[in-house]
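Note sheet for the following structure.
2 protein chains.
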Amino acid sequence: MTITNAPAPRASGATSSVAPGTRVAVSTVIFTLRRSAGQERASVALPLVRRQSDPHEGQWALPGGWLDIVEDLDAAASRTLAETTGLAPSYLEQLYAFGAVDRSPTRVVSIVYWALIRPDEMADTSDENVRWFDADDLPNLAFDHNQIVAYALWRLRNKVGYSQIAHGLLADEFTLAELREVYESILRRKLDPANFRRQVEGTDTLLPTDRFRKGSHRPARLYRFNQDVELADRGPLGVRP
Amino acid sequence: MTITNAPAPRASGATSSVAPGTRVAVSTVIFTLRRSAGQERASVALPLVRRQSDPHEGQWALPGGWLDIVEDLDAAASRTLAETTGLAPSYLEQLYAFGAVDRSPTRVVSIVYWALIRPDEMADTSDENVRWFDADDLPNLAFDHNQIVAYALWRLRNKVGYSQIAHGLLADEFTLAELREVYESILRRKLDPANFRRQVEGTDTLLPTDRFRKGSHRPARLYRFNQDVELADRGPLGVRP
DNA sequence: TCAAAAGTGTTGAGCTTACACCCATGC
DNA sequence: GCATGGGTGTAAGCTCAACACTTTTGA
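In order, the protein sequence lines correspond to chains E and G. Quick note: the first sequence uses this note's numbering, first residue 10, plus one each step. Quick note: the second sequence uses this note's numbering, first residue 10, plus one each step.
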């Protein structure tokens with residue numbers, strides 16, 4: 010059954026050979042919600058950085074950088090996010106490792122993360138080389154970054170259906186209508202307020218408060234997220250991002 | 010809003026700096042089903058390789074190797090699998106990139122895949138340094154490989170519930186009882202044959218054939234997997250593994 | 001008083017679960 | 001015949017979508 014030309018099996022971590030020339034980068038797809046003027050719903054937006062040097066110079070690309078030799082992967086993603094938005098992520102999760110040979114002129118393996126930040130904390134950078142784009146209306150990006158963003162968007166829209174990540178886009182206290190708007194913006198469709206309320210109240214992820222949001226109509230009760238419930242995917246190692 | 014000490018944002022792929030000393034390895038968690046003597050159900054098993062050299066010498070580890078500079082990540086995982094089992098995977102998917110600074114004496118980022126192979130194709134290696142273990146009864150492995158296997162097992166058990174990966178453990182033609190046994194072995198619990206039949210027939214993933222499996226009792230109809238249906242996660246790039 | 005959003009009630013469709021029951025074959 | 005697994009029927013319980021309805025506020 011063993012194929013003929015196979016060398017002897019190797020266990021990973023062996024130091025007998027090296028892989029010269031392969032470099033590791035970390036990039037992050039940072040999502041937030043943004044209400045454009047005239048738009049009925051908020052839409053998913055992300056920051057891009059204009060490339061200053063040779064491969065794809067001038068094109069927009071995901072924020073990222075080289076992995077430091079004494080830096081965990083998560084830390085590198087957080088650093089990327091801080092450098093771009095000046096903020097800590099309210100959610101951070103590894104997306105995928107991209108490593109096709111031809112994705113860059115030189116061999117680069119990119120560990121890509123995706124993150125959420127709250128719209129109210131969104132930095133307004135005065136940097137000309139950082140710009141926020143609607144996720145569904147992107148230009149041609151450098152490298153394979155269009156594919157990467159598409160995959161991250163798919164993960165976001167998929168994961169919102171079975172996890173509590175929507176809370177990563179809201180402040181500490183929020184009304185059910187605000188929570189529903191987050192879902193509607195990500196999923197790009199209306200949700201029934203009555204059924205949404207029951208579904209979300211049926212779980213133990215929300216704690217009602219005694220406060221109410223006053224507006225133009227009947228005040229809405231404010232809720233906060235139940236910290237006891239698993240907020241997010243803590244990854245295979247079970248540590249908080 | 011921008012934090013003070015942050016350097017200017019960088020776009021990923023910039024060639025201005027490098028990350029010397031970080032090496033990229035690819036490892037694969039290869040699952041199959043194995044019926045141990047005296048066991049009522051089959052159990053999940055995987056091959057491990059005994060380390061021949063310095064870090065953790067003598068301990069068991071996941072099969073893997075260094076990423077070649079002209080080799081895609083998927084290809085490296087397939088190579089790993091071929092070197093260990095002599096077979097092509099019936100399912101192959103990227104699991105996670107592990108890159109904690111202290112997971113190895115030298116800096117190693119491991120791109121880990123997980124794969125399925127059919128029990129009937131399982132190679133009986135005469136290699137003393139390759140052994141198959143029950144996934145739920147592992148020794149202490151090298152590096153963080155125990156955690157990696159635990160995560161891969163979680164993915165397997167989770168994914169079997171909403172995808173068709175169980176077919177990756179069966180031959181071309183199979184009875185519904187055989188398919189059900191795959192689910193029962195992975196999930197480690199009995200399933201109602203009647204309800205299982207209806208659930209799986211309700212989807213369009215199975216094609217009934219005219220052939221029957223004769224045994225000691227009433228012959229059971231043979232089915233084959235509907236190739237038109239998305240067999241598996243094709244990854245963010247939409248290419249078949 | 002009226003508009004509009006907050007919040008409740010009700011109903012039917014579809015799915016899951018449990019389990020009774022019939023069918024077809026080897027012995 | 002009869003034991004055994006293959007395969008069908010059916011009813012209770014649950015979730016979910018649709019939508020009518022009541023409540024509470026600002027203007």
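Here a beta-carbon is modelled for each residue, glycine too, at the ideal position from N, C-alpha and C.
- [ ] Give the residues of chain G in contact with residue 81 (chain E), contact being defined as C-beta atoms less than 7 Å apart.
- [x] 108, 109, 110
Task: Buried or exposed by the 16-neighbour rule on C-beta atoms within 10 Å, applied to residue 221 (chain E) - done: exposed
- [ ] Count the other C-beta atoms from every protein chain shown that fall within 10 angstroms of the C-beta of residue 74 (chain E), then say buried if there are 16 or more, exposed otherwise.
- [x] Residue 74 (chain E) comes out buried.
Open item on the list: Just verifying my parser: in three-state terms, what is the DSSP assignment at residue 219 (chain G)?
Closed with: Three-state DSSP puts residue 219 (chain G) in a strand.
Open item on the list: So if DSSP puts residue 52 (chain G) in a beta bridge, which residue, or which two residues, is it bridged to?
Closed with: G:43
Open item on the list: Which same chain residues end up closer than 7 Å to residue 153 (chain G) when comparing Cβ atoms and leaving out the 5 residues on each side of it in sequence?
Closed with: 107, 112
Open item on the list: Considering just the uninterrupted stretch of the beta strand (DSSP E) at residue 94 (chain E), what are its terminal residues?
Closed with: Element bounds for residue 94 (chain E): not the beta strand (DSSP E) but the alpha helix (DSSP H), 82-94.
Open item on the list: Between which residues of its own chain and residue 181 (chain G) is the CB-CB distance below 7 Å, once the five residues before and five after are set aside?
Closed with: 233
Task: Top-ranked residue by Cα proximity to residue 212 (chain E), from E:34, E:102, E:49, E:171 - done: Of E:34, E:102, E:49, E:171, the residue nearest in Cα terms is E:171.
Task: Residues of the segment 113-126 of chain G with Cβ closer than 8 Å to any Cβ of chain E, in chain order - done: 113, 115, 116, 117, 118, 119, 120
TODO: Taking residue 169 (chain G) as the query, report the chain E residues whose CB atoms sit under 9 Å from its CB, ordered along the chain.
DONE: Ordered by position in chain E, no residue passes the 9 Å Cβ test against residue 169 (chain G), which lies about 16 Å from the chain.
Open item on the list: Among the candidates E:53, E:167, E:31, E:48, whose CA atom is the shortest distance from the CA of residue 142 (chain E)?
Closed with: E:53
Open item on the list: Assuming residue 193 (chain E) is part of the beta strand (DSSP E), what are its boundary residues?
Closed with: It is not in any beta strand (DSSP E) - residue 193 (chain E) instead sits in the alpha helix (DSSP H) that spans 185-196.
- [ ] Examine the Cβ distances between the segment 84-96 of chain E and the segment 194-213 of chain E and report whether three or more of them are shorter than 8 Å.
- [x] As far as the Cβ criterion goes, the segment 84-96 of chain E does not touch the segment 194-213 of chain E, which means the pair count is below three.
Task: Near-chain E residues of the segment 209-221 of chain G (beta-carbon distance less than 7 Å), N- to C-terminal order - done: none
- [ ] Could you check the C-alpha separation between residue 139 (chain G) and residue 39 (chain E) for me, to the nearest Å?
- [x] 43 Å
Task: Classification of residue 61 (chain G) by the beta-carbon crowding that lies within 10 angstroms, buried from 16 upward - done: exposed
Open item on the list: Taking its Cβ as the centre, do 16 or more other Cβ atoms sit within 10 Å of residue 79 (chain E), making it buried, or is it exposed?
Closed with: exposed
Task: Cβ-based contacts, 7 Å cut-off: residues of the segment 32-44 of chain G near chain E - done: 32, 33, 34, 36
Open item on the list: Would residue 78 (chain E) pass as an interface residue toward chain G - the criterion being a Cβ-Cβ separation below 9 Å?
Closed with: yes
Task: Which of helix, strand or coil DSSP assigns to residue 143 (chain G) - done: strand
- [ ] Find the residues of chain E that neighbour residue 103 (chain G), judging by a C-beta separation of less than 8 Å, and give them in chain order.
- [x] 105, 106
- [ ] List the residues of chain G that residue 30 (chain E) touches, going by C-beta distances under 9 Å, in chain order.
- [x] Near residue 30 (chain E) (Cβ distances below 9 Å), the residues of chain G are 78.
TODO: Let me know the secondary structure DSSP gives residue 14 (chain G) once reduced to three states.
DONE: Interpretation of residue 14 (chain G) is limited by its pLDDT of 36, a score under 50 that renders its predicted location unreliable; the figure taken from the coordinates is listed afterwards. Of the three classes helix, strand and coil, the one that applies to residue 14 (chain G) here is coil, per DSSP.
Open item on the list: Between the alpha carbons of residue 49 (chain E) and residue 190 (chain E), how many angstroms are there, rounded?
Closed with: 11 Å
Task: Residue closest to residue 82 (chain E), alpha-carbon to alpha-carbon, out of G:228, G:163, G:210, G:105 - done: Looking at the Cα atoms, G:105 is the closest of the given residues.
Open item on the list: Rounding to the nearest angstrom, what Cα-Cα distance links residue 228 (chain E) and residue 214 (chain E) in this structure?
Closed with: 22 Å
- [ ] Take residue 117 (chain E) and list the residues in its own chain whose beta-carbon comes closer than 6 Å to its own, dropping the five residues that flank it on each side.
- [x] 32, 34
Task: residue 169 (chain E), enclosing alpha helix (DSSP H) - first and last residue - done: Following the DSSP letters along the chain, one finds residue 169 (chain E) in no alpha helix (DSSP H), marked with neither H nor E.
Open item on the list: Could you compute how far the alpha carbon of residue 46 (chain E) sits from the alpha carbon of residue 204 (chain E)?
Closed with: 29 Å
- [ ] Within its chain, find whatever has a CB closer than 8 Å to the CB of residue 155 (chain G); leave out the 5 residues flanking it on each side and keep chain order.
- [x] 147, 149
Open item on the list: Please report the straight-line C-alpha distance between residue 130 (chain E) and residue 96 (chain E), rounded to a whole angstrom.
Closed with: 8 Å
Task: Any C-beta of chain G under 9 Å from that of residue 182 (chain E) - done: no
Open item on the list: Quick check on DSSP: helix, strand or coil for residue 157 (chain E)?
Closed with: helix
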